[in-house]
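Residue numbers (this note's numbering): 1 to 249.
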């Protein structure tokens with residue numbers, strides 16, 4: 001079965017159907033966290049350090065690092081945050097940015113084999129991100145949307161994922177280094193969102209034979225008792241074949 005290997009300088013994590021479910025800690029992200037955003041913008045990474053250590057202590061196998069702050073020098077901040085996190089913990093990292101220059105800055109300082117978060121199915125994005133992934137020998141999260149947006153039809157999302165896997169192969173990136181995000185939508189807004197994800201995860205496992213991940217907390221957006229909803233969703237997703245998730249450990 002397919003195994004995706006992500007590593008730091010000293011530690012390796014295996015994502016796959018024959019391996020334990022992988023939790024990727026989501027907390028190092030300034031989106032919606034004004035204090036953290038301001039601190040990171042000013043070169044203060046004390047809260048990043050605390051979040052990193054707390055998530056590892058809580059059981060995270062990997063950490064996602066995001067530095068998306070409006071009007072800030074994201075390439076510099078992301079690189080500094082990655083270096084800081086790698087200096088205090090040995091877990092592998094997911095380098096999270098929609099800015100190609102920031103991704104390259106992070107990959108350039110990263111020690112090990114990173115997970116790039118992420119690439120979408122737009123041709124322009126594929127042409128900019130996939131060469132970076134290939135250059136640094138990384139793996140990549142493939143998000144199942146393209147120029148047409150996010151389809152509510154799981155068959156359309158499957159075809160987008162298939163396109164990304166095929167284009168990655170053109171750059172010498174094997175299918176085991178493509179981890180597909182089937183796109184978890186809020187069930188409070190789209191009644192069939194949970195069912196669609198389960199169906200898509202099964203197809204991705206059996207037909208494309210790729211590993212999967214998701215932003216698990218998206219499923220409960222706008223609902224009460226979000227932690228309970230998230231936990232129930234993840235349990236069902238694991239049963240369907242999902243092999244990792246970006247979530248709170």
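Beta carbons: idealized from backbone N, C-alpha and C, even for Gly. Note that the structure is predicted; figures quoted are calculated from it, not measured.
Nearest-angstrom beta carbon gap, residue j and residue i [assumed within contact, 8 Å]
{"i": "residue 161", "j": "residue 180", "result": "5 Å"}
{"i": "residue 60", "j": "residue 24", "result": "7 Å"}
{"i": "residue 243", "j": "residue 191", "result": "Their Cβ separation, rounded to whole angstroms, is 26 Å, which puts residue 243 and residue 191 out of contact at 8 Å."}
{"i": "residue 66", "j": "residue 96", "result": "4 Å"}
{"i": "residue 77", "j": "residue 93", "result": "Actually they are not in contact, since the Cβ atoms of residue 77 and residue 93 sit about 15 Å apart, beyond 8 Å."}
Boundaries of the alpha helix (DSSP H) in which residue i is found, first to last residue
{"i": "residue 46", "result": "46-57"}
{"i": "residue 106", "result": "100-109"}
{"i": "residue 91", "result": "No alpha helix (DSSP H) holds residue 91; DSSP gives it neither H nor E."}
{"i": "residue 134", "result": "123-136"}
Residues near residue i by beta carbon distance below 7 Å, same chain, minus five either side
{"i": "residue 73", "result": "none"}
{"i": "residue 233", "result": "194, 216 and 219"}
{"i": "residue 200", "result": "154, 157, 158 and 182"}
{"i": "residue 251", "result": "This structure cannot settle anything about residue 251, because the visible part of the chain is limited to 1 through 249."}
{"i": "residue 21", "result": "238, 243 and 244"}
Sequence-distant residues of the same chain with beta carbon closer than 6 Å to residue i, five excluded per side
{"i": "residue 144", "result": "157, 160, 161, 182 and 183"}
{"i": "residue 197", "result": "182 and 184"}
{"i": "residue 37", "result": "30 and 69"}
Residues near residue i in its chain [Cβ-Cβ closer than 8 Å; skip 5 each side]
{"i": "residue 217", "result": "26, 226, 230, 247 and 248"}
{"i": "residue 209", "result": "1, 2 and 175"}
{"i": "residue 203", "result": "154 and 158"}
N- and C-terminal bounds of the beta strand (DSSP E) containing residue i
{"i": "residue 26", "result": "22-28"}
{"i": "residue 225", "result": "Element bounds for residue 225: n/a, residue is neither H nor E."}
*Give, in chain order, every unbroken run of the alpha helix (DSSP H) that is at least 4 residues long and sits entirely within the stretch 151-221.*
154-170 and 193-203
*Touching or not, the stretch 101-119 and the stretch 215-223, by the rule of three or more beta carbon pairs under 8 Å?*
no
*Counting Cβ pairs closer than 8 Å, one from the stretch 41-59 and one from the stretch 145-155, do we hit at least three?*
no
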